[in-house]
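All residue numbers for the sequence shown refer to the numbering used here, where the first residue is 1114 and numbers rise by one. Since the structure comes first, as structure tokens, the remarks are kept for the end.
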Amino acid sequence: MIEVVCNDRLGKKVRVKCNEDDTIGDLKKLIAAQVGTRPEKIRLQKWYTIFKDHITLEDYEIHDGMGLEMYYN
């Protein structure tokens, strides 16, 4: 289990526990459950890399305690 921190820079900082073999889409569903928005409306990125839904956290080298930027489409 790893913990990923997602910050939308509007006052919401969400800590989500997930597995490294989960996909970005799975992570979005977990975030959406805590934030109260639909997973399709969430975009996760780090700097200029926008994460795609079908790729795992392990492939993107997302580790425990890593922070991601969360945007709303």
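Ideal placement from N, C-alpha and C gives every residue a C-beta, glycine not left out.
- Here the alpha carbon of Glu1153 sits roughly 11 Å from the alpha carbon of Ile1137.
- Residues Val1117 of the same chain have their beta carbon placed closer than 7 Å to that of Ile1175, with the five preceding and five following residues left out of the count.
- The Cβ atoms of Met1179 and Asp1121 do not sit closer than 9 Å to each other.
- Annotation: Glu1133 to Tyr1173 spans about 10 Å, alpha carbon to alpha carbon.
- With a cutoff of 9 Å on beta-carbon distance, Ile1144 and Leu1157 are scored as near each other.
- If one requires a minimum length of 3 residues, the beta strand (DSSP E) runs lying completely within the segment 1132-1182 are 1155-1159, in chain order.
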